[in-house]
Amino acid sequence: MPPIKQVQVTFDCAEPGRLARFWCEVLGYVLPAPPEEFSSWEEYEDALPPEERDAWAACVDPSGAGPRLFFQRVPEGKVVKNRLHLDVRTGTGLVGEERLAVLEAECARLVALGGARVRLLPANDEDESCLVMQDVEGNEFCLD
């Protein structure tokens, strides 16, 4: 059996395009190129029947190193805590006040994009501090 080469992370959501744009900003990802016959995603969306518009979106790591993120519209809203979340590794290798300053600066940037700060998990004997946040649709993630 050949090894798995790639992983895609899929989000169920209400507004795929909005969520994809948020995560592009968070991670430095980009929207993939639109289908060949269209010059933009807007042109592609305009060609669809109204009920099929904004049904899905994706964002990709321009370096090709990170997983593709896929966002699909579903009819039901989010009702419970995520069983899976992303850790955005902004403070890797940093400790103490230096780490907190980097996490707080990134938190402020993401709040300006529509994210929400939930709580700070302070450092303890085993782990450094991290910030729990929510994206524009309430999905939890950590600034780590």
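Here the sequence shown stands for residues 23 to 166, numbered as in my numbering.
Every residue gets a Cβ at the ideal spot worked out from N, C-alpha and C, and that includes glycine.
*Touching by the beta-carbon criterion (3+ pairs, under 8 Å), the stretch 84-100 and the stretch 116-128*: no
- request: State buried or exposed for S151, treating a residue as buried only when at least 16 other CB atoms are found within 10 Å of its CB.
  value: buried
Practice task
List the endpoints of the continuous beta strand (DSSP E) containing V154.
Solution key: 152-156
Taking the straight line between their C-alpha atoms, what separation do you get for V117 and L106? 25 Å
Q.
Here's the rule I'm using: 16 or more other beta-carbon atoms within 10 Å means buried, otherwise exposed. How should N161 be labelled?
A. buried
Rounded to a whole number of angstroms, what is the C-alpha to C-alpha distance between A79 and C35?
-> 10 Å
TODO: Can you grab the Cα-Cα spacing for the pair E47 / M23, in whole Å?
DONE: 37 Å
Proximity to R43 [Cα-Cα], best of P71, P25, D83, E59
D83
Quiz item: Between L143 and L108, what straight-line distance do the alpha-carbon atoms span, to the nearest angstrom?
Solution: 16 Å
field: T112 burial status per 10 Å Cβ neighbour count (16 or more: buried)
entry: buried
**Message:** Here's the rule: buried if 16 or more other CB atoms are within 10 angstroms of the residue's CB, otherwise exposed. What is G137?
**Reply:** buried
| task | For the beta strand (DSSP E) containing R141, list its first residue and its last residue. | result | 138-143
Local Cβ density within 10 Å of D176, reported as buried at 16 or more and exposed below that: With the chain covering only 23 through 166, there is no way to say anything about residue 176.
_Comparing C-alpha positions only, which one of A145, D157, E37 sits nearest to A134?_
D157
Subject >> Separation of P56 from C81, as counted between CA atoms >> reply: 11 Å
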